[in-house]
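Numbering (full-length UniProt numbering), first residue to last: 1 to 182.
We put the CB at the ideal spot given by N, CA and C, even for glycine.
Note that the structure is a prediction, hence the values are computed from the model and not measured.
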Amino acid sequence: MPRCFWCNDDPLYIAYHDTEWGVPLRDAQKLFELLLLEGAQAGLSWITVLRKRERYREVLFGFDPERLARMSDEEIEERMQDPGIIRNLAKLKAARQNALAWLALPDPVELLWSFVGDQPKVNHFSGRGDVPAVTPEAEAMSKALKKAGFTFVGPTICYAFMQASGMVMDHTTDCDRYAELS
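Structure follows, in structure tokens:
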């Protein structure tokens, strides 16, 4: 099956590409998880995060924002010792901060989807050189999230989040998923 240029032959990556990436996601819990994981990915490859996702779910309370918001400094320090996750103090503190910011939003799902007019934006990119790293919508999302108190939500992270959550459909035209999702 032809896949997007970024999908390598790792079975975990293939499954992610074929079943999750670019599929419109409106479940608040899953969007929150994805936003935190995209932030954890900053400076690393996505496959690194995918390989650690299950452990993140275990140590970050199933990405329950209410429980994450109450995570103590001691609990963060415990997680810094866990080789099953990315041991970055700033990213772990960001998970707690972002949980607090998430809970303060009246409707996080509505806010996130508002940057694409509440409908997936279908792009028609033919290859790697066509897919942007940042868009005006991602810049606007980043600005709004930072204003709301989020961290690790720069424009590049926001665009990757928009792609992964199906807010934008960036499967390339030569990918089998393109026809199905466009």
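By DSSP, does residue i sit in helix, in strand, or in coil?
i                 : result
methionine 169    : strand
valine 122        : strand
proline 83        : coil
methionine 71     : coil
residue 196       : For residue 196 there is no data in the structure shown, the boundaries of the chain being 1 and 182.
phenylalanine 5   : coil
valine 109        : helix
leucine 12        : helix
aspartate 43      : It should be noted that the sequence gives glycine, not aspartate, for residue 43. Coil at glycine 43, not helix or strand.
asparagine 98     : helix
phenylalanine 152 : coil
alanine 90        : helix
serine 182        : coil
glycine 62        : helix
threonine 48      : helix
proline 136       : helix
methionine 115    : Residue 115 is actually phenylalanine in this sequence, not methionine. Three-state DSSP puts phenylalanine 115 in coil, outside helix and strand.
aspartate 130     : helix
cysteine 158      : helix
Since residue i and residue j should fall inside the 8 Å C-beta cutoff, what is the C-beta to C-beta distance between them, to a whole number of angstroms?
i            : j             : result
leucine 34   : serine 165    : 6 Å
residue 238  : lysine 91     : Here the chain comprises residues numbered 1 to 182, so residue 238 is not present and cannot be evaluated.
valine 122   : serine 182    : 5 Å
cysteine 7   : threonine 172 : The pair is not a contact, with the Cβ atoms about 10 Å apart (cut-off 8 Å).
aspartate 18 : isoleucine 47 : That pair is no contact at about 15 Å.
Is the distance from the Cβ of residue i to the Cβ of residue j below 8 Å?
i              : j                 : result
alanine 94     : proline 65        : no
proline 120    : glutamate 139     : no
arginine 67    : phenylalanine 61  : yes
isoleucine 103 : alanine 144       : The amino acid at residue 103 is misidentified as isoleucine; the sequence shows leucine. Taking 8 Å as the Cβ cut-off, leucine 103 and alanine 144 do not qualify as a contacting pair.
leucine 50     : leucine 12        : yes
alanine 160    : glutamate 58      : no
methionine 80  : phenylalanine 115 : no
methionine 1   : aspartate 176     : yes
valine 153     : arginine 26       : no
methionine 167 : tryptophan 113    : yes
glycine 149    : glutamine 97      : yes
lysine 52      : isoleucine 76     : no
methionine 162 : glutamate 180     : no
alanine 42     : isoleucine 157    : yes
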